[in-house]
Amino acid sequence: MSKRIQKKYETLQEYVFEKIWLCSGLELDVSETRDEVAYGLSSKELANHILSRDYTSTDDMFQDMIRFERVNGQRRERYSKFGAGTNSWNSKH
């Protein structure tokens, strides 16, 4: 299971669901499952995020990951639109 990492073009959902399934077969608790998921994530930011949190269920963890990815994607889009170091409220566009 430790060899299972997120593949280059694999969606977050595909990776997380398979990793959770593997962990459930080993009867790992939520925090152990969180750690195993984090070890194989391609996103260092997302791995650090989930490692800093405590979850009551793997579903809570997955929903938090989806929210993090959505917000992070919106930030990337905003920064690519306005450019690094430029605030939208100061922009003359």
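Residues 6 to 98 in the numbering used here are what the sequence shown spells out, letter by letter. The beta carbon of each residue, even a glycine, is placed where N, CA and C say it ideally should be. The structure displayed is predicted, hence computed values, not measured ones.
Using only alpha-carbon positions, find the residue among Asp34, Tyr44, Gln68 that is nearest to Gln11. The sequence position of residue 11 within the sequence shown is 6, counting from 1. Checking every option, the nearest Cα to that of Gln11 belongs to Tyr44.
What would DSSP say about Arg81, mapped onto helix, strand or coil? Translated into positions along the sequence shown, residue 81 becomes position 76. Helix.
*According to the neighbour-count rule (16 or more other Cβ atoms, all chains shown, within 10 Å of its Cβ), is Leu2 buried or exposed?*
An answer regarding residue 2 cannot be provided, because it is not within the stretch 6 to 98 covered by the chain.
| task | Using the Cα positions of His98 and Gln68, report the straight-line distance between them to the nearest angstrom. | result | Position 93 of the sequence shown holds residue 98. Position 63 of the sequence shown holds residue 68. For His98, the pLDDT reaches just 49, beneath the cut-off of 50, and the residue's location in the model is therefore unreliable, leaving the point undetermined.
- prompt: Leaving out the 5 sequence neighbours to the left and right, which residues in its chain are closer than 6 Å to Leu56 when beta-carbon positions are compared?
  reply: Within the sequence shown, numbered from 1, the residue matching residue 56 stands at position 51. Only Ala43 meet the Cβ criterion.
Go to Arg39, then tell me how far its alpha helix (DSSP H) extends in each direction, as first and last residue.
Here residue 39 refers to the residue found at position 34 of the sequence shown. Annotation: the continuous alpha helix (DSSP H) that includes Arg39 extends over 35 to 45.
Span separating the alpha-carbon of Lys24 from that of Val76
Here residue 24 refers to the residue found at position 19 when the sequence shown is read from its first residue. Here residue 76 refers to the residue found at position 71 when the sequence shown is read from its first residue. Approximately 23 Å, taken between the alpha carbons.
Note to self: Out of Arg80, Glu37, Gln79, Phe73, which one is the CA nearest neighbour of Asp59?
What the structure shows: Sequence index remark: in the sequence shown, residue 59 carries index 54 (1-based). Nearest Cα to Asp59 within the set Arg80, Glu37, Gln79, Phe73: Glu37.
- prompt: Among Thr63, Phe22, Arg9, Glu15, which has the Cα closest to the Cα of Val35?
  reply: The residue you call residue 35 lines up with position 30 of the sequence shown. Comparing Cα positions, the closest option is Thr63.
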